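Each residue of the sequence shown is one higher than the one before, starting from 12 at the first, in my numbering. Read through the structure below, which is laid out as structure tokens, and then see the notes.
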Amino acid sequence: MKAILLGNGKRQGVLDGVAALRPEIEKVVDVVAADFENKLDLTTVAADIALVFGGDGSVLRSIHQMGENQLPILAVNLGTLGFLSSVDPHELIPFLESDAFKKFEIREQLLLNCSVWRKRRDDVDPPDFKSISPRLCSRAIPTNWLSGVSERYCLSNQLVVNEVALRGSAPFSIVKIGLAVDGELVAAFRGDGLVLATPVGSTGHSLSAGGPILRNDLATIVITPLAPQTMNFRSVVDSASRTYEMQAATGEVYLVVDGDSRLKLDKDDVVVVRRAPFAFKMIVVPNNRYYRNLQRKLDWAVDAVERWKHR
């Protein structure tokens, strides 16, 4: 089996952890590539699996780096919370040597596509459409809830693993955001921003803002307003098969994807979020149980659960 090794080499302990495990890893799999600087083009690399070392941030970077060439990921937790982690370092080699790995199962999880559409101007040349993935952009053309759709071009296009957020800029003034779902205007509210999160991303910014936790294998999106001025706009869970469009009508607003990529939006820009035509793949580890992970990661009174089991 061919494998690539990935991770954030700048994170303390990652390179040392990989160095300690690599001799044993190479006894089980054929390591065809390694990248700990996020420089390797993984969109065409030929491998069977990707071993990702670090925390959730390392997994996110690897998914973005692979693009449409999504390899099954086995995530080795060298971070803190590690919601996406499959195994701890001491569990890696026993799992690779087990029968479960030889016939491993894959859990496909939702990826979104986020594109920004800007009105054409005579004094500005639009970017080369070929450089921003025309196949994905062509699936995300805005609907007619806004005027001038035909006069827009695709400014940027990104994969989304966790979340898309519209946030006001410093000094963090209140912004007005319009939201449409499948071309129907749903809300126009004032607040600190708006988050659209995947099930994987539901334990991040959305959860901190009062949103629900979604099970990872659901094909849903949670819409969570950030500090809305009105008390009657709360988190909503909807299908990932719909088209979500956002536009900020006031102030300086930034689009933030997966907490990393940032783009300053013009007032008339339209942000379109749709399900990507492919998913990212996580290798299922038999003892990696969903609710047990939530107990461990979120400190859900594990002692009380154990006492209840032995009542």
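Where a beta carbon is used, it is the ideal one built from N, C-alpha and C, also for glycine. Predicted model only: the values in this text are computed from it and were never measured.
- G189 versus D27: straight-line alpha-carbon distance, rounded: 48 Å
- Do the CB positions of K130 and R163 come within less than 8 Å of each other? yes
- Task: Decide if H216 is buried, meaning its Cβ has at least 16 other Cβ atoms within 10 Å, or exposed.
- Result: buried
- Item | Own chain partners of D99 with C-beta closer than 6 Å, once the 5 adjacent residues on each side are dropped | N88
- Query: Per DSSP, W128 is paired with what?
  - Reply: C165 and V281
- Message: Check this for me: beta carbons of R285 and N173, under 8 Å apart or not?
- Response: no
- Message: I'd like to check one pair, I74 with L170: are the Cβ atoms closer than 8 Å?
- Response: yes
- Task: Jot down the residue ranges of each uninterrupted beta strand (DSSP E) in the region 83-122, minimum 3 residues, whole runs only, in chain order.
- Result: 84-88 and 117-120
- Message: Does L51 come out as helix, strand or coil in the three-state DSSP assignment?
- Response: coil
- Under three-state DSSP, which class holds M12? coil
- If you drop the 5 nearest sequence neighbours on each side, which residues of the same chain put their C-beta closer than 7 Å to that of C299? It is Asn, not Cys, that sits at residue 299 in the sequence shown. Excluding sequence neighbours, N299 sits near S97.
- Would you check if the distance between the CB atom of A61 and the CB atom of L51 is smaller than 8 Å? no
- Message: My output table needs one value for D46: the three-state DSSP class, helix, strand or coil.
- Response: strand
- Query: V39 and F64: beta carbons closer than 8 Å?
  - Reply: no
- Inter-residue spacing [alpha-carbon to alpha-carbon] between P145 and P236: With a pLDDT of 49 at P145, under the threshold of 50, the modelled position of that residue is not reliable, and no figure is offered here.
- Determine the extent of the alpha helix (DSSP H) in which L331 is found, giving its start and end residues. What the structure shows of the chain is the stretch from 12 to 322, and residue 331 is not part of that stretch, so it cannot be assessed.
- Specify whether the region 245-254 and the region 262-271 touch according to this definition: at least 3 beta carbon pairs, one from each stretch, less than 8 Å apart. no
- Tell me whether L107 counts as near the ligand SAH, meaning its Cβ is closer than 7 Å to at least one heavy atom of that ligand. The model depicted lacks the ligand SAH and carries no ligand whatsoever.
- Task: Tell me whether T209 is buried or exposed, calling it buried when 16 or more other Cβ atoms sit within 10 Å of its Cβ.
- Result: buried
- Task: Taking 8 Å as the cut-off, decide whether the C-beta atoms of G202 and Q240 are in contact.
- Result: yes
- Task: State yes or no: is the C-beta of F115 within less than 8 Å of the C-beta of I224?
- Result: no
- Message: Within 10 Å of its beta-carbon, does W311 have 16 or more other beta-carbons around it, so buried, or fewer, so exposed?
- Response: exposed
- Message: Less than 8 Å between the C-beta atoms of K292 and P83, yes or no?
- Response: yes
- Task: Let me know if T214 comes out buried or exposed under the rule of 16 or more other beta-carbons within 10 Å of its beta-carbon.
- Result: buried
- Task: Starting from F64, follow its DSSP beta bridges and name the residues at the other end.
- Result: G18 and V87
- Message: Could you give the first and the last residue of the continuous beta strand (DSSP E) run that contains L207?
- Response: G204 to A208
- Out of curiosity, what's the CA-to-CA distance linking A199 and S184? 16 Å
- Task: Output the distance between the C-alpha atoms of L207 and D271, rounded to the nearest integer angstrom.
- Result: 15 Å
- Item | Bridge partner(s) assigned by DSSP for E37 | The partner list for E37 (beta bridge, DSSP) is empty, contrary to what the question assumes.
- Task: Can you tell me which of the three DSSP states R286 falls into?
- Result: strand
- Can you list, in chain order, the residues of its chain whose CB lies under 7 Å from that of G18, leaving out five sequence neighbours each side? V25, V29, F47, V63, F64, G65 and S69
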